[in-house]
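J.: Provided herewith is a single structure, encoded as structure tokens, for subsequent inquiry.
2 protein chains.
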Amino acid sequence: MDVFLETVSALNDETRIKLLAFLDAHGALCVCDLQESFGMLQSRLSRHLKILKEGGFLRVDRCGTWAYYSLRCPLDRFRSEALTEIRCLGIELPPLKKLSETGGCKL
Amino acid sequence: MDVFLETVSALNDETRIKLLAFLDAHGALCVCDLQESFGMLQSRLSRHLKILKEGGFLRVDRCGTWAYYSLRCPLDRFRSEALTEIRCLGIELPPLKKLSETGGCKL
DNA sequence: TCATAATATCAATATATCTTGATGTATTAT
DNA sequence: ATAATACATCAAGATATATTGATATTATGA
């Protein structure tokens, strides 16, 4: 029950839905890229990413000071179906601004 | 986006998950049956049932003063997958106490 | 009509979640 | 070592959601 609720509540926020859609569209990104792209405080993004990770949606690859977040793969049926729904929403996403491109970590 | 969030937030509560599991197990029930079975205030159940209905999970059949709530059928893929998850949780549910059996409405 | 029953809604409070700004930690560059 | 960068965490205030108790609405039955 708790695991399911954790998964569901991870979906229960507009910012997190947009983050999922964004990472689905652009692959692995680090927090500073998301910060640039979304124009949100880093602490805010960090918190939401943590919730999405604990909800089973994201993985993190650390490389030095960088933390690259991406969709966990494969997603189980429920999470995968959630992602399908999100894709169908046609959410307007901000343009990608990749800070880490210049001098960032080579995964 | 809003529709999806409404669906997700309908799932984002332990009481509502139990209600879904209970109605899945027992079919159409009226509020007073649920009240007896769950031992919760009627206003509380009524509110949760409304949220589940607005979230696209339940239908209501009115018959006189009775309101029979049951799972909407068919459920779309996401909601259906959510229900599958809930079934797999093996939630402990209260025993069914059917008040409406004696003198209740004949659907 | 009047009383009762089933359900829905509302206002107030309690509880949980989100956002912000500040601080902490670890890593890299000088 | 020192400074700067990337990220995580925390405390406080803001916002949203849940619960309760009271009241409203509608239908049935005497």
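From first to last, the protein sequence lines are chains A and B.
Under our numbering, the letters of the first sequence match residues -1 to 105, in that order.
Under our numbering, the letters of the second sequence match residues -1 to 105, in that order.
Idealized CB from N, CA, C, for every residue including glycine.
Mind reading off the beta-carbon distance from A/L87 to B/F55? Whole number of angstroms is fine, and I expect it under 8 Å.
T.: Going by Cβ atoms, the distance from A/L87 to B/F55 rounds to 19 Å, so no, they are not a contact pair.
J.: State the Cα-Cα distance for the pair B/G25 and A/T82, rounded to the nearest angstrom.
T.: 29 Å
J.: From A/V29 to B/V58, what distance separates their C-alpha atoms?
T.: 45 Å
J.: What separation, rounded to the nearest whole angstrom, lies between the Cα atoms of B/L14 and A/I49?
T.: A small fix is needed here, since residue 14 of chain B is Arg in this sequence, not Leu. Taking the straight line joining both Cα atoms gives about 22 Å.
J.: Can you say whether B/T63 is buried or exposed, counting buried as having 16 or more other CB atoms within 10 angstroms of its CB?
T.: exposed
J.: In the DSSP output, which residue or residues are listed as bridge partners for A/A65?
T.: A/R60
J.: Does any CB atom of chain A fall closer than 9 Å to the CB of B/R75?
T.: yes
J.: Decide if A/E90 is buried, meaning its Cβ has at least 16 other Cβ atoms within 10 Å, or exposed.
T.: The residue is exposed, with fewer than 16 neighbouring Cβ atoms inside 10 Å.
J.: Apply the 10 Å Cβ neighbour rule to B/R60 and answer buried if 16 or more other Cβ atoms are within range, or exposed otherwise.
T.: Counting C-beta atoms within 10 angstroms of its own C-beta, B/R60 has fewer than 16 neighbours from the protein chains shown and is therefore classed as exposed.
J.: Quick one: is B/E52 near chain A, going by C-beta distance under 9 Å?
T.: Judged by the 9 Å Cβ criterion, B/E52 is not in contact with chain A.
J.: In the structure shown, what three-state DSSP assignment does B/K104 receive?
T.: Because the pLDDT at B/K104 is just 43, under 50, the model does not fix this residue reliably, and the value given afterwards should be weighed accordingly. Here B/K104 sits in coil by DSSP.
J.: Shorter than 9 Å from the beta carbon of B/T82 to some beta carbon of chain A?
T.: Yes, because at least one Cβ of chain A sits closer than 9 Å to the Cβ of B/T82.
J.: Along the stretch 29 to 46 of chain A, where does the CB come closer than 7 Å to a CB of chain B? Name the residues.
T.: none
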